[in-house]
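Student: Submitted below is the structure of interest, expressed as structure tokens.
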Amino acid sequence: MGSERGANEQRLVREAQDGSSAAMAELYSLHWRRAYRAAYLVVHDAAAAEDVAQDAFLAAVDALDRFDRRRPFAPWLHRIVVNRALDWARRESLRRRVAQTESVFEPLPPPEEIGGEMIAALKELPAEQRAVVVLRHLLEYTPGEIAGMLDLPRGTVNSRLRRGLDRLREAAELDPAAEERR
Amino acid sequence: MSHRDPLGAALREVEIPLLDGAEERGLRVVEAALAERKSGSELRGAMTPTTSVRRGRRPLPRLTLALGLATLIAALLLSPAGAAVRGWVDDVLTAAPRPEPTLGDVPGGGRLLVQSAEGPWVVKPDGSRRLLGDYEEATWSPRGLYVGVASGRTLSAVEPDGTPHWSFTAPARVADPRWAPFGTRIAYRARSDLRVIAGDGTEDRLLAGSTAAVAPTWSPFGDPSLAYVSGSGALRLVNSETGEVLASAHALPDVSQIEWGAGGRAILEVSRGELRLRQVQPRKLAPGPAIDRTRRLPPPEGSTVVDAALAPGHETVAAVFTDWRDHGTSSSIVLYRPGSLPKALLSVPGSLGEVAWSPDGRRLLVAWPAVDQWLFLPLGRGRQQAVANISTAFAPGERSASFPRLEGWCCSR
């Protein structure tokens with residue numbers, strides 16, 4: 001995050017803490033789309049992703065007084081988003097196992113838009129692997145930061161990431177050389 | 001990393017589904033929460049200047065409890081006795097909430113319009129009720145300032161406290177009155193005619209001479225377009241001011257209900273066996289709205305459509321299905337959202353009735369006549385609520401009251 005943007009964000013957080021709805025709206029507008037995208041890529045359900053993103057912002061509002069405004073806003077928000085998305089994905093997985101209500105419906109046609117294969121491959125990963133892939137590759141956090149966000153040992157983050165990427169490569173034929181270059 | 005990471009680039013650029021108005025909806029909720037926090041802290045400051053009590057909304061304990069329950073259930077399923085408890089688990093996960101004995105505040109707010117054998121009732125947000133009179137049908141005006149009521153050939157507008165405003169005698173028995181969102185017109189059927197009258201009870205005129213027994217539906221876009229099903233089974237969009245037919249297409253065979261919603265972008269068609277969403281190009285100016293492609297919403301196998309409703313601001317359909325199988329009748333409420341698989345919200349034994357969306361599109365009210373209850377189901381946060389003794393609530397003093405029909409859920413006030 002650039003220092004100018006960081007300063008601007010600190011100002012917005014301060015004003016939101018003072019009750020400025022305009023500042024909160026600007027923070028929301030700066031972060032909502034990315035938060036929604038991260039949530040969607042973990043839960044793969046548009047309505048649930050909307051709920052998760054909204055819930056994360058509500059949690060942010062709830063905890064505004066406690067927020068240390070010297071720290072960046074995004075990692076704090078993303079931590080809430082990904083953890084709530086994971087909670088949703090785990091509950092949904094369990095619900096499907098025991099209820100299997102979806103099986104009576106015709107499945108929707110597979111996505112045809114650009115990147116549909118990648119989305120489909122990501123969806124096949126366990127939710128825990130999806131979450132670390134999204135945190136690392138969409139939101140660009142380091143494994144150490146991800147470990148802190150998900151309250152996991154760093155080794156677990158690395159192994160989930162490696163397993164997830166291996167499966168994505170197999171499924172979506174990602175360029176391994178590009179991975180190695182990073 | 002971002003410049004060399006093909007996966008990162010794909011994740012950033014891939015097109016993902018987004019429900020209409022999602023960002024704006026969330027912003028409204030967040031702004032409301034901020035305003036609530038502000039007013040709460042001001043109030044607390046005034047009352048207890050030396051102590052600071054944080055707002056009590058903490059979802060984590062509930063979530064922890066839910067995850068704990070989920071873990072327990074998973075453990076049970078994976079245990080040797082898993083098969084034996086599976087049916088129980090299904091029941092637990094799909095059980096309706098424990099009902100309240102009487103209706104208190106309307107969950108989510110707004111006012112309800114309920115048709116009982118005695119006539120239509122208005123239910124205020126605090127749960128108090130008022131019988132409007134001996135009318136057979138009722139419809140909200142767009143902002144809930146009036147209720148259009150019909151009895152025999154008489155169409156009237158009354159205030160929500162029952163005070164009559166105007167009355168008009170139609171050429172034939174009035175059926176399916178529907179007040180236009182822009183407020184100045186009411187459409188209704190009289191025998192096979194489709195007629196329109198001004199919102200002040202004047203200027204009654206014939207709009208179409210042959211209609212099916214299906215309630216017409218107004219464009220929510222605020223223009224004078226009206227959709228109806230013709231006697232020949234066509235879904236027609238017509239300009240109610242000029243009578244011009246704007247668009248026409250084959251309606252669903254045996255269609256029993258149409259509803260124009262989703263901000264004017266879709267018309268829901270309902271029959272006993274099928275649900276269909278017609279995409280509409282909502283144009284206020286000439287040439288007006290046009291019927292576009294169709295999306296079929298597949299019902300659960302072997303089930304019958306009881307009722308369905310299109311969300312006020314987005315293309316989400318809530319549908320009630322009943323399944324008569326050897327082991328008895330069961331019903332379910334299913335949500336169809338664009339870009340998502342259909343999702344069963346709740347399954348219950350017995351038959352469910354009509355479904356209605358709350359004015360903000362975040363909650364459903366489902367009638368459950370089999371157990372004399374209403375179910376209030378939030379779509380996101382919040383708990384499911386049930387209210388018992390609905391029949392007697394709308395038939396005070398009656399010993400064998402019939403279950404009332406839900407006509408509408410209006411307005412945030």
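Top to bottom, those sequences are chains A and B.
To convert, note that position 171 of the first sequence is 171 in this note's numbering; the numbers rise steadily by one, no gaps.
To convert, note that position 10 of the second sequence is 10 in this note's numbering; the numbers rise steadily by one, no gaps.
Backbone N, C-alpha and C fix where the C-beta goes; we use that ideal spot for every residue, glycine too.
Since the structure is predicted, the reported quantities are computational estimates derived from the model, not experimental observations.
1. I need the boundaries of the alpha helix (DSSP H) containing Asp18 of chain A, first residue and last residue.
2. Flag this pair as yes or no: are the beta carbons of Arg278 of chain B and Ala266 of chain B separated by less than 8 angstroms?
3. Keeping to the same chain, check which residues put their C-beta closer than 6 angstroms to that of Ala370 of chain B; ignore five residues upstream and five downstream.
4. Measuring straight from C-alpha to C-alpha, what distance separates Leu65 of chain B and Gly382 of chain B?
5. Name the two residues that bound the continuous beta strand (DSSP E) containing Thr154 of chain B.
6. Is there a C-beta anywhere in chain B that falls below 8 angstroms from the one on Ile119 of chain A?
7. Do you know offhand how far Gln10 of chain A's Cα is from Phe67 of chain A's?
8. Using the three-state DSSP reduction, which class does His44 of chain A fall into: helix, strand or coil?
9. Thr329 of chain B bridges to which residues according to DSSP?
10. I want to verify the contact list: residues of chain A whose CB lies under 9 angstroms from the CB of Pro216 of chain B, in sequence order.
11. Can you tell me the Cβ-Cβ gap for Leu252 of chain B and Arg236 of chain B, rounded? I've got them flagged as a contact below 8 angstroms.
12. If we define contact as Cβ-Cβ less than 8 angstroms, is Phe57 of chain A a contact residue for chain B?
13. Checking 8 angstroms against the spacing of the C-beta atoms, do Thr211 of chain B and Leu194 of chain B come in under that value?
14. Determine the chain B residues that contact Ala53 of chain A at a beta-carbon separation under 7 angstroms, and present them in chain order.
15. Take every Cβ of the region 80-93 of chain A, pair it with every Cβ of the region 146-153 of chain A, and state whether three or more of those distances are shorter than 8 angstroms.
16. Gln257 of chain B: buried (16+ other C-beta within 10 angstroms of its C-beta) or exposed?
17. Quick one: give me the first and last residue of the alpha helix (DSSP H) that Ala227 of chain B is part of.
18. Which partner residues of Glu23 of chain B appear in the DSSP bridge assignment?
19. Please tell me whether Ala138 of chain B and Gly148 of chain B are closer than 8 angstroms, where the distance is taken between their beta carbons.
20. From the DSSP output, read off the bridge partner residues of Phe168 of chain B.
21. So, for Asp134 of chain B: in the same chain, excluding its five sequence neighbours on each side, which residues have a beta-carbon less than 8 angstroms away from its beta-carbon?
22. Classify Arg153 of chain B as buried or exposed, calling it buried when 16 or more other Cβ atoms lie within 10 Å of its own Cβ.
23. Give a yes or no on whether the C-beta atoms belonging to Ser331 of chain B and Val348 of chain B are separated by under 8 angstroms.
24. Starting from Ser256 of chain B, find everything on chain A with Cβ-Cβ shorter than 7 angstroms and list it in chain order.
25. Counting only beta-carbon separations shorter than 8 angstroms, does Ser159 of chain A have a partner in chain B?
26. Cβ of Leu467 of chain B less than 8 angstroms from any chain A Cβ?
27. Since Leu132 of chain B and Trp121 of chain B should fall inside the 8 angstroms C-beta cutoff, what is the C-beta to C-beta distance between them, to a whole number of angstroms?
28. Looking only at its chain, what residues have a beta carbon closer than 7 angstroms to the beta carbon of Arg173 of chain B, apart from the 5 residues adjacent to it on each side?
29. Using DSSP's beta-bridge definition, name the partner residues of Trp409 of chain B.
30. Rounding to the nearest angstrom, what Cα-Cα distance links Leu55 of chain A and Ala386 of chain B in this structure?
31. Reducing DSSP to helix, strand and coil, say where Gln257 of chain B ends up.
32. Can you tell me whether Ala48 of chain A is buried or exposed, with buried defined as 16 or more other CB within 10 angstroms of its CB?
33. Hey, is Met24 of chain A's beta-carbon within less than 8 angstroms of any beta-carbon in chain B?
34. Please identify the residue among A:Asp62, A:Gly6, A:Leu139, A:Leu168 whose C-alpha is closest to the C-alpha of Gln17 of chain A.
35. Does the Cβ-Cβ distance between Ser271 of chain B and Val305 of chain B come in under 8 angstroms?
36. Got a sec: is the Cβ-Cβ distance from Glu315 of chain B to anything in chain A below 8 angstroms?
Tutor: With the given structure in hand:
1. From DSSP, Asp18 of chain A is part of no alpha helix (DSSP H); its letter is neither H nor E.
2. yes
3. Gly350, Ser351
4. With a pLDDT of 36 at Leu65 of chain B, under the threshold of 50, the modelled position of this residue cannot be trusted, and the question is left open.
5. 154-158
6. yes
7. 11 angstroms
8. coil
9. B:Trp324
10. The contacting residues do not exist; Pro216 of chain B stays about 30 angstroms from chain A at best.
11. Wrong, their Cβ atoms sit about 14 angstroms apart, outside the cutoff.
12. yes
13. yes
14. Gly26
15. yes
16. buried
17. First-last for Ala227 of chain B: 225-229, but that is the beta strand (DSSP E), not the alpha helix (DSSP H).
18. In DSSP, Glu23 of chain B forms no bridge with anything.
19. yes
20. B:Leu155
21. Glu118, Gly119, Ser151
22. exposed
23. yes
24. Those within 7 angstroms of Ser256 of chain B in chain A number zero; the least Cβ separation is about 22 angstroms.
25. no
26. In the structure displayed, chain B extends from 1 to 413; residue 467 of chain B sits before or after that span and is not available.
27. 7 angstroms
28. Gly152, Arg153, Ala190
29. B:Leu112
30. Per the sequence shown, the amino acid found at residue 55 of chain A is Asp instead of Leu. Approximately 24 angstroms, taken between the alpha carbons.
31. strand
32. buried
33. yes
34. A:Asp62
35. yes
36. no
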